[in-house]
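S.K.:
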Amino acid sequence: MNSLSPSGVLYVVSAPSGAGKTSLVKALLKVDPAIRLSVSHTTRAPRPGETNGRDFYGTAKGSISHDLNAGHDVLLEIDWQGAGQIKQHFPHSASIYILPPSFNALRTRLAGRGQDSDEVIERRLAAAAHDVAHADAFDYIIVNDDFEHASQDLLAITRSIRLETARQLLRHTALFEEFKRI
């Protein structure tokens, strides 16, 4: 059996800018309120509607550990480098990479936001090409070519992880003990 502790699940979601990560995470949190969104570190400027301390900036490792040890599922939205660091500290975390359907679709999405200059969009596209090269380090990959389908894929991943045998044995110890006594 796996060496899991009876704790929550840490989900790590990464994607290049414009892949739909934030929208997919928001959709997941609407249908699965058991997952807590953890505010992550970032160096970018806040987007319109983001609030410092709620949507944006700074989460300590201790805060994540505290929530997990209390049995809460936690979701982090971070870049691929941060996802690698999280995997080192939390080896049982589930890492999920969101891909746009194509490079051209990504360009269209970034331009459609209307918040970045052409120069910033070009930098984001160059960064995306580099980021996608690291997608194979993740446990799961979702191609966001259809939002509803990608949203259902993300939900399916979170549900399947909760149903892993090792987690179920820990969550339902009393039930299994009851059957052992028969």
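The opening residue of the sequence shown carries number 28 in the working numbering; numbering runs sequentially from there.
All C-beta atoms in this analysis are idealised placements derived from N, C-alpha and C, irrespective of residue type, glycine included.
#1: Please list the terminal residues of the continuous beta strand (DSSP E) segment that includes S122.
#2: If you pair each beta-carbon of the region 120 to 139 with each one of the region 160 to 172, do three or more pairs fall below 8 Å?
#3: If V101 sits next to L37, beta carbons under 8 Å apart, how far is it from one beta carbon to the other, in whole angstroms?
#4: Pull up the DSSP beta-bridge partners for V40, would you.
#5: For I113, count neighbouring C-beta atoms within 10 Å of its own C-beta (all shown protein chains included) and say buried if the count is 16 or more, exposed if not.
#6: Hey, R223 and L137: beta-carbon distance below 7 Å or not?
#7: Could you check whether V40 and V52 sit closer than 7 Å to each other, using their CB atoms as the reference points?
#8: Can you give the Cα-Cα distance for S178 and R208, rounded to whole angstroms?
#9: Could you tell me which uninterrupted alpha helix (DSSP H) segments, each at least 4 residues in length, are contained entirely in the region 44 to 70, listed from first to last along the chain?
#10: What whole-angstrom Cβ distance do A110 and F165 have, given they're in contact under 8 Å?
#11: Give the DSSP-derived three-state secondary structure of I209 in the structure shown.
#12: Do you know offhand how far R189's Cα is from E146's?
#13: Taking Cβ positions, are L64 and L56 nearer each other than 7 Å?
M.R.: Quick answer:
#1: A121 to L126
#2: yes
#3: 5 Å
#4: E104 and I123
#5: Taking a 10 Å sphere around the C-beta of I113, we find 16 or more other C-beta atoms and assign the residue as buried.
#6: Past the boundaries of the shown model lies residue 223; the chain is included only from 28 to 209, so the question cannot be answered.
#7: yes
#8: So the two alpha carbons sit approximately 42 Å from each other.
#9: 48 to 58
#10: 7 Å
#11: coil
#12: 42 Å
#13: yes
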